[in-house]
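Just so we're aligned, residue 412 is where the sequence shown starts under our numbering, counting upward by one. Heads up, the beta-carbon is just placed ideally off N, CA and C, and yes, glycines get one too.
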Amino acid sequence: MSGMWTYFARRLLLVPVTFLIITFMVYAVLRLTPGGPIEQLENQMKAAAAGEAGGGGGGGLLGDGGGLDEKARDELKAYYNLDQPIPLAYLQWLGVWPKKTRDPVSLAQRDLNPPFWQQSQSLWNAYRIGNEDLDRSVIAGEFQVSGETILREITPSDRQQQPQVIEQAARLLAGGVSSRAQLDRLLEAQGWSRSGSRFMRALTDEEKKGSGLPAQVHAQMITTEADFAALQTHLESMKMESNRNGSYYHVDHAFSGIIQGDFGRSFTYNEDALDVITSKFPISIYFGLIG
Numbered sequence: 412m413s414g415m416w417t418y419f420a421r422r423l424l425l426v427p428v429t430f431l432i433i434t435f436m437v438y439a440v441l442r443l444t445p446g447g448p449i450e451q452l453e454n455q456m457k458a459a460a461a462g463e464a465g466g467g468g469g470g471g472l473l474g475d476g477g478g479l480d481e482k483a484r485d486e487l488k489a490y491y492n493l494d495q496p497i498p499l500a501y502l503q504w505l506g507v508w509p510k511k512t513r514d515p516v517s518l519a520q521r522d523l524n525p526p527f528w529q530q531s532q533s534l535w536n537a538y539r540i541g542n543e544d545l546d547r548s549v550i551a552g553e554f555q556v557s558g559e560t561i562l563r564e565i566t567p568s569d570r571q572q573q574p575q576v577i578e579q580a581a582r583l584l585a586g587g588v589s590s591r592a593q594l595d596r597l598l599e600a601q602g603w604s605r606s607g608s609r610f611m612r613a614l615t616d617e618e619k620k621g622s623g624l625p626a627q628v629h630a631q632m633i634t635t636e637a638d639f640a641a642l643q644t645h646l647e648s649m650k651m652e653s654n655r656n657g658s659y660y661h662v663d664h665a666f667s668g669i670i671q672g673d674f675g676r677s678f679t680y681n682e683d684a685l686d687v688i689t690s691k692f693p694i695s696i697y698f699g700l701i702g
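Take a look at the structure:
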């Protein structure tokens, strides 16, 4: 009898271990597999932009090449918790690690503390004006902003230093979509990237310290980031934060995962994930019984 209890005890002890291993593997695969919510949204926006191309339509969230711009992408990553490393995001999804939650600040709540919000608006205006100046300089110099890095198209000097790489990259670019992955790997090995048909690289230290337009844009970015950091520091005293579009949020850190019954929201059905799961129970039970 004791042998049977030992057998069952071992099997029961394997349940949580098996659950953790399988769910982590599935979570990691889903995070790494292309076609997530951000990619789906980009594809929808590109399709819409292609359909409106004849009428000259365009979207403010669209970046170079029809994709989301950097600010919109960062906002969506935070919304879907994709800005966290996979192990930490898994623990938050599981509900054993506190997750940051954000609730919008209403206009009525702002009326409760006018001096605080007047200063917040002043700091926001400083950031907004600086960011608009930065955007104009980026457009004027045909630069790109990727996070906190300024990218520029490779120069004739770069082409002279890497003629074989440029020749191979041009050949892969002409090869169409089937060669895109190989082209991106080639550019990444050089520390470059692709923007449409242009090859981009980060500014060098010499360019940042020089007196030309690249140095001016780099200095503008540092000032703009400092203005945004000042706004965030001001809001932190009230447990709030702002995004780069001017929306304010109450910030809290709490345990909210599947252990607490929070399965998140399905971006496919745009419904609570637990409701989607339970709605599939009848058909699953039916096929289980007839199988």
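Asked	Found
Short of 8 Å in beta carbon distance, which residues of its chain neighbour Y680, apart from the five on each side in sequence? Order them along the chain.	V687
Excluding the five sequence neighbours on either side, which residues of its own chain have a C-beta within less than 8 Å of the C-beta of G552, listed in chain order?	R563, L624, P625, V628
Might you give, ordered along the chain, the residues of its own chain that have their beta carbon closer than 8 Å to the beta carbon of R570, omitting 5 neighbours on each side?	I577
Quick test of the definition: if touching needs 3 or more C-beta pairs under 8 Å, does the region 503-517 touch the region 589-605?	no
Should R521 and I565 be called a contact, given that it needs their Cβ atoms to be closer than 8 Å?	no
Of all the alpha helix (DSSP H) runs that stay within the bounds of the region 541-573, which reach a length of 4 or more residues?	567-572
Since I561 and M649 should fall inside the 8 Å C-beta cutoff, what is the C-beta to C-beta distance between them, to a whole number of angstroms?	32 Å between Cβ atoms; not a contact.
Decide if N542 is buried, meaning its Cβ has at least 16 other Cβ atoms within 10 Å, or exposed.	buried
Helix, strand or coil for D485, going by three-state DSSP, please let me know.	helix
Straight-line CA distance for Q495 to S517?	27 Å
Can you tell me whether F692 is buried or exposed? The criterion is at least 16 other CB atoms within 10 Å of its CB, across all chains shown.	exposed
What would DSSP say about Y490, mapped onto helix, strand or coil?	helix
Reducing DSSP to helix, strand and coil, say where W508 ends up.	coil
Touching or not, the region 524-540 and the region 578-597, by the rule of three or more beta carbon pairs under 8 Å?	no
Taking the C-alpha atoms as reference points, what is the distance between D616 and F554?	16 Å
Taking the alpha-carbon positions, what's the K510 to T434 distance?	18 Å
Here's the rule I'm using: 16 or more other beta-carbon atoms within 10 Å means buried, otherwise exposed. How should E453 be labelled?	buried
Thinking C-beta only, is L487 closer than 8 Å to T635?	no
Give the DSSP-derived three-state secondary structure of G471 in the structure shown.	At G471 the pLDDT is 48, less than 50, meaning the model places this residue with poor confidence; the figure from the coordinates comes in the next sentence. Coil.
Taking buried to mean at least 16 other C-beta atoms within 10 Å of its own C-beta, is A483 buried or exposed?	buried
Who are M651's beta bridge partners in DSSP?	H661
Take H664 and list the residues in its own chain whose beta-carbon comes closer than 6 Å to its own, dropping the five residues that flank it on each side.	P509, K511
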